[in-house]
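Just so we're aligned, residue 97 is where the sequence shown starts under our numbering, counting upward by one.
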Amino acid sequence: MHFPWCLKKCPYCDFLSLAEPDASSLPHDAYAQQVLRELDARISQGFNGLAELELGSVFFGGGTPSLWEASALGAVLAGVLARFPNHHECEITVECNPTSLDLEHANRLADVGVNRLSLGIQGTDDERLRFLGRLHSAELGIKALGDAVASRVPRVSADVIFGVHGQVPAAARREVARVAEAGVEHLSAYALTIEPGTQFGALARKGRLPQLPEDSVAEAYLEVEEELHRRGFGHYEISNYAKPARESRHNLGYWRGHQYLGLGCGAWGTLDTRSQALPHGISVGEDTRALRYRNLPSAERYLKARFSAAFQLGEGVSELEPLTGETLLSERLMLGLRLAEGVDVRAAALDLGVELDAARLSALARALGAGELERLPHGDSVLRRQTANSSIPGATTNEWPDVERVRIPPQAWLTADSVITRLM
Ligand code: SF4
């Protein structure tokens with residue numbers, strides 16, 4: 097669920113975020129009603145298997161959804177849960193900014209059913225926070241984190257950015273240590289990346305953005321990792337750490353290739369076209385396995401959209417792309433190889449109805465031989481059972497080489513991007 101507004105646009109941010117310094121002027125209730133209208137339309141437009149699926153997680157992202165009045169956010173959440181009766185133990189997260197979260201607001205979110213907060217604290221050093229264009233001080237960030245942890249919301253995560261100009265690697269370590277000490281159960285630590293289309297991107301193009309050399313960023317990554325290991329956090333994804341059994345169910349869903357319904361202005365969704373009927377108005381090729389769409393990124397236009405009987409471009413939707421099994425398999429590899437649990441290549445291919453071709457198999461074999469990938473002891477036995485009667489050649493025999501569950505060895509995650517690129 098995308099809530100697109102922020103008090104101010106951060107210079108490094110390439111998410112859809114619309115600056116609105118006065119949160120009281122936002123269309124809190126109108127936006128909530130429109131999101132629910134969209135949800136009803138998606139269900140009635142023909143994604144008719146949707147509401148029977150298990151709802152594993154709801155994620156209010158942005159933008160800054162902690163700017164949304166808790167009553168309006170709660171109305172959306174109640175509406176979603178009512179339409180998806182199968183939501184046992186659903187993880188419900190709200191992304192928050194320190195400038196719009198205090199104890200009272202966190203408790204209001206708990207009261208409407210939110211069970212996880214993800215706080216974009218980004219750092220604990222005032223000079224670095226100013227460089228990142230953040231509106232809050234280190235002190236306010238730590239206070240908001242303390243309020244989140246002390247609130248009735250049971251689970252708290254924090255985001256931190258390292259590799260920022262002026263930060264020595266030991267300082268990156270000290271900053272995550274301070275965040276961990278506040279009592280979070282999950283921490284996402286991202287190296288600062290300069291994206292085209294952002295203010296930092298424009299400055300970098302003109303050579304006017306001071307940046308750390310790559311070696312220092314790599315050293316900071318290792319410092320962060322060591323500190324969080326020492327504090328009992330498992331490194332379960334390249335940029336994500338969690339206390340035991342506290343991984344983000346929502347993010348794991350993306351990395352494992354689950355389908356997701358995107359609602360709200362600018363939201364992305366990817367829906368499986370095999371587990372439910374195709375929506376009205378859509379015709380796709382035989383090899384299509386999923387539809388990816390993006391909602392209108394203009395809040396004004398999204399709020400005025402009339403969701404008609406057909407799921408089509410213009411009806412609140414600005415992009416629509418059918419995805420083949422081959423494309424989805426590449427995505428599963430690309431995302432699954434970011435995980436400590438790795439990816440079961442054979443089970444993924446079977447699930448998507450794709451044959452592993454010789455080129456992909458030899459690329460995997462080469463990476464295994466070079467030590468860029470390693471095998472994990474067992475594959476996904478549940479999926480294997482589900483596909484035991486598959487008609488895909490090789491599915492039920494041992495014709496395929498033993499590539500099964502593989503991963504990039506965690507000690508080589510610093511160079512994961514180049515390994516993944518070679519496998520695509
Ligand atoms: S608060 Fe978050 S979403 Fe909003 S502009 Fe800054 S980084 Fe982007």
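Glycine included, C-beta positions come from ideal geometry on N, C-alpha and C. Since we're looking at a predicted model, the values are computed, not measured.
In or out: residue i buried (at least 16 other Cβ within 10 Å) or exposed?
{"i": "Val264", "result": "exposed"}
{"i": "Pro473", "result": "exposed"}
{"i": "His232", "result": "buried"}
{"i": "Trp164", "result": "buried"}
{"i": "Asn182", "result": "exposed"}
{"i": "Arg230", "result": "buried"}
{"i": "Ser477", "result": "Because the pLDDT at Ser477 is just 42, under 50, the model does not fix this residue reliably, and the value given afterwards should be weighed accordingly. By the 10 Å Cβ count, Ser477 comes out exposed."}
{"i": "Leu197", "result": "buried"}
{"i": "Arg480", "result": "Only weak support is given to the placement of Arg480: the predicted model assigns it a pLDDT of 43, under 50, and the question is left unresolved by the model."}
{"i": "Leu435", "result": "buried"}
{"i": "Pro489", "result": "Legend: pLDDT at Pro489 = 38, less than 50; position of this residue unreliable, value from coordinates given subsequently. Flag for Pro489 reads exposed."}
{"i": "Asn494", "result": "At Asn494 the pLDDT is 39, less than 50, meaning the model places this residue with poor confidence; the figure from the coordinates comes in the next sentence. By the 10 Å Cβ count, Asn494 comes out exposed."}
{"i": "Gly475", "result": "Confidence at Gly475 is low in this model, with a pLDDT of 47, below 50, so its placement is unreliable and the value that follows should be read with caution. By the 10 Å Cβ count, Gly475 comes out buried."}
{"i": "Arg442", "result": "buried"}
{"i": "Gln482", "result": "Note that Gln482 scores a pLDDT of 37, beneath 50, so its modelled location is shaky and nothing firm can be said."}
{"i": "Pro161", "result": "buried"}
{"i": "Thr517", "result": "exposed"}
{"i": "Gln507", "result": "exposed"}
{"i": "Tyr108", "result": "buried"}
{"i": "Ser487", "result": "Per-residue confidence for Ser487 stands at a pLDDT of 39, beneath the threshold of 50, marking its modelled position as unreliable; no derived number is given."}
{"i": "Ala455", "result": "exposed"}
{"i": "Ser113", "result": "buried"}
{"i": "Ala266", "result": "exposed"}
{"i": "Gly303", "result": "exposed"}
{"i": "Pro340", "result": "exposed"}
{"i": "Ser253", "result": "buried"}
{"i": "Pro194", "result": "buried"}
{"i": "Leu283", "result": "buried"}
{"i": "His184", "result": "exposed"}
{"i": "Asn485", "result": "With a pLDDT of 41 at Asn485, under the threshold of 50, the modelled position of that residue is not reliable, and the figure given next carries that caveat. Asn485 comes out exposed."}
{"i": "Asp311", "result": "exposed"}
{"i": "Ser153", "result": "buried"}
{"i": "Gly381", "result": "exposed"}
{"i": "Gly360", "result": "buried"}
DSSP has residue i in a bridge; who is on the other side?
{"i": "Gln218", "result": "Val256"}
{"i": "Asn391", "result": "Val413"}
{"i": "Glu470", "result": "Arg503"}
{"i": "Cys102", "result": "Ala115"}
{"i": "Leu213", "result": "Val190, Val252"}
{"i": "His124", "result": "For His124, which the question treats as bridged, DSSP gives no partner whatsoever."}
{"i": "Ala386", "result": "Asp368, Leu419"}
{"i": "Gly330", "result": "Ala338"}
{"i": "His325", "result": "DSSP, once it has assigned bridges, lists no residue as partnering His325."}
{"i": "Leu283", "result": "Ala254, Tyr337"}
Cβ atoms of residue j and residue i: under 7 Å apart, would you say?
{"i": "Trp364", "j": "Gly358", "result": "yes"}
{"i": "Ala466", "j": "Ile334", "result": "no"}
{"i": "Phe407", "j": "Gln218", "result": "no"}
{"i": "Arg501", "j": "Gly449", "result": "no"}
{"i": "Leu305", "j": "Leu299", "result": "yes"}
{"i": "Gly262", "j": "Leu288", "result": "no"}
{"i": "Gly297", "j": "Pro100", "result": "no"}
{"i": "Ala268", "j": "Glu319", "result": "yes"}
{"i": "Gly159", "j": "Cys102", "result": "yes"}
{"i": "Ala234", "j": "Asp255", "result": "no"}
{"i": "Arg428", "j": "Gly353", "result": "yes"}
{"i": "Glu281", "j": "Arg224", "result": "no"}
{"i": "Glu321", "j": "His331", "result": "yes"}
{"i": "Val515", "j": "Glu468", "result": "yes"}
{"i": "Arg388", "j": "Thr420", "result": "no"}
{"i": "Phe180", "j": "Ala128", "result": "no"}
{"i": "Glu187", "j": "Ser214", "result": "no"}
{"i": "Arg326", "j": "Ala276", "result": "no"}
{"i": "Asn211", "j": "Pro250", "result": "yes"}
{"i": "Glu134", "j": "Phe403", "result": "yes"}
{"i": "Ala115", "j": "Lys104", "result": "yes"}
{"i": "Leu399", "j": "Leu409", "result": "no"}
Taking 6 Å as the cut-off, is the CB of residue i close to at least one heavy atom of the ligand GTP?
{"i": "Arg327", "result": "Here the bound small molecules are the ligand SF4; the ligand GTP is not part of this structure."}
Inset, instruction - Would you list the residues whose beta-carbon is nearer than 6 Å to any heavy atom of the ligand SF4, in the order they occur in the chain? - result: The filter returns Cys102, Lys105, Cys106, Cys109, Phe111, Ser113, Gly158, Gly159, Thr160, Asn193, Gly216, in chain order.
Legend entry - In chain order, each beta strand (DSSP E) run of at least 3 residues that lies wholly inside the stretch 395-450: 413-420
Inset, instruction - Just list the beta strand (DSSP E) runs in the stretch 137-195, keeping only unbroken ones of 3 residues or longer that don't cross its boundaries, in chain order. - result: 153-158, 187-192
Legend entry - Whole alpha helix (DSSP H) elements within the stretch 285-313, 4-residue minimum: 295-301
Inset, instruction - Just list the beta strand (DSSP E) runs in the stretch 338-384, keeping only unbroken ones of 3 residues or longer that don't cross its boundaries, in chain order. - result: 364-368
Legend entry - Within the stretch 230-277, ranges of the alpha helix (DSSP H) (whole runs, at least 4 residues): 234-246, 265-277
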